[in-house]
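A short write-up of the structure that comes next.
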Amino acid sequence: MRRIEVTTLDREPTDAASAATMKALIYEGPGRRAWKDAPRPAVRDAGDAVVRITTTTICGTDVHILKGDVPTVTPGRILGHEGIGIVDAVGPAVSRFRAGDRVLISCVSACGTCDLCRRAMYSHCRTGGWILGNTIDGTQAEYVRTPHADTSLYHVPADADAEALVMLSDILPTAFECGVLNGKVQPGDTVAIVGAGPIGLAALLTARLYSPAAILMIDVDANRLQLSRQFGATTGIDNSDGTAIDRVMALTNGAGVDVAIEAVGVPASFDICQSILAPGGRLANIGVHGKPVTLHLEKLWDRNIAITTRLVDTAAIPMLMKLVDAGTLQPARLVTHRFRLEHIMKAYDIFSSAAQERALKVILTRSPSDGSSQEVQS
Ligand SMILES: [Zn+2]
Ligand SMILES: [Zn+2]
801 MRRIEVTTLD
811 REPTDAASAA
821 TMKALIYEGP
831 GRRAWKDAPR
841 PAVRDAGDAV
851 VRITTTTICG
861 TDVHILKGDV
871 PTVTPGRILG
881 HEGIGIVDAV
891 GPAVSRFRAG
901 DRVLISCVSA
911 CGTCDLCRRA
921 MYSHCRTGGW
931 ILGNTIDGTQ
941 AEYVRTPHAD
951 TSLYHVPADA
961 DAEALVMLSD
971 ILPTAFECGV
981 LNGKVQPGDT
991 VAIVGAGPIG
1001 LAALLTARLY
1011 SPAAILMIDV
1021 DANRLQLSRQ
1031 FGATTGIDNS
1041 DGTAIDRVMA
1051 LTNGAGVDVA
1061 IEAVGVPASF
1071 DICQSILAPG
1081 GRLANIGVHG
1091 KPVTLHLEKL
1101 WDRNIAITTR
1111 LVDTAAIPML
1121 MKLVDAGTLQ
1131 PARLVTHRFR
1141 LEHIMKAYDI
1151 FSSAAQERAL
1161 KVILTRSPSD
1171 GSSQEVQS
């Protein structure tokens, strides 16, 4: 095996690090998770960084994984694909980062050089994509190994707000790229967003960058609809009674909407989207779908519509970072609960009962000066 030279912040690299343990949130099969000891990651490939996590969060996708909906995630996997931390060690091919740097971790790891990366489809990178907390260990841990560090990490200024920026690992770029960009939101548009969870609200925040004339938010949760109005929605439509389609058509004088953003991932919400499109409308799907939907082509074939799907590429992260820095975007408004990282089991309980707990995003933190809970002397 090739020995890799590693630069580290405060300890001897591979041998000592591989002997050390850390705490991590581990998927143990459908319905089962545990916060327990795991081997501390070390640099394995030349382009890797090992990052000491200081802020992370739980994603709706993690809940899907725990339900057993994501077969690529196997028992024993450390979950999490969002995070901010301090670089602890880098491989010899990493040129843009070094130990001690504060970084934002993209949920998508990308080599930057394969054919699909060269077409800016980083989510489909031949040796990356969404792998963190999926096919390799993720960020809900004291340390994480991040492959392709040069093209998958971002420098974070020391004074930047970690709660705001950790929203840029996944949900802000997902909502923006898959919903707003693919939906081609234009000034003056009428936009409907189906689903007022964290992703739907992130789509609302980023759709507003394009000055639509109206944003109609559709959900079945009165609290989330109330929140969406505080976030700038023109109208909240409660679909508890199943009348959302009629009400959108009435509100638009029978015209329908220019953009319908699907932010749930179930057949019923896709059906609302395809039923409210104006001629020339765009249906931008964000939701993760596990079941087939019925496409009503008999009603749509002559309507000049477009339907888009996409996995987030996170190409928008640098732009979104500028908007957060400028105060134009305030994604920390999505944060409803805060925990220490070691209380992540409780955080999952809260996040899994989001409606009752009125939870959107839960933040997990670890102070930059905390020692590892399981330091091993070498
Ligand atoms: Zn996610
Ligand atoms: Zn690639």
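Read in order, the letters of the sequence shown are residues 801 to 1178 in our numbering.
Ideal Cβ placement from N, Cα and C applies to all residues, glycine included.
Just so we're clear, the structure is a prediction, and the values are computed from it rather than from any experiment.
- Take the alpha-carbon of residue 1027 and the one of residue 845: they are about 44 Å apart.
- Counted as a single uninterrupted DSSP element, the stretch harbouring residue 982 is not any beta strand (DSSP E), since DSSP gives it neither H nor E.
- Look at residue 1137 here: in three-state DSSP terms it is strand.
- Residue 1062 is bridged by DSSP to 994 and 1085.
- Distance from the CA of residue 892 to the CA of residue 855, rounded to the nearest whole angstrom, comes to 26 Å.
- Short note on residue 970: C-beta closer than 7 Å to some heavy atom of ligand 1.
- Closest option to residue 1146, judged by alpha-carbon separation, among 821, 820, 830 and 834: 834.
- Chain-ordered, the residues whose CB falls short of 7 Å from any heavy atom of ligand 2 come out as 910, 911, 912, 913, 914, 916, 917, 922, 925, 926, 927 and 928.
- Between the beta-carbon of residue 965 and that of residue 1129 there is about 11 Å, and that puts the pair past the 8 Å contact cut.
- Its Cα nearest to that of residue 878, the residue 938 stands out among 1029, 1114 and 938.
- Within its own chain, the residues whose Cβ lies closer than 7 Å to the Cβ of residue 973, once the five positions on either side in sequence are excluded, are 1112, 1114, 1116, 1117 and 1120, listed in chain order.
- Pairwise C-beta distances place the segment 862 to 878 in contact with the segment 820 to 834, as three or more of them are shorter than 8 Å.
- Judged by pairs of C-beta atoms under 8 Å, the segment 1035 to 1045 touches the segment 1006 to 1024, as three or more such pairs exist.
- Excluding sequence positions up to five before and after residue 1059, its CB lies within less than 6 Å of the CB of 983, 985, 989, 991 and 1082, all in the same chain and listed in chain order.
- The nearest non-hydrogen atom of ligand 1 is 7 Å or more from the C-beta of residue 856.
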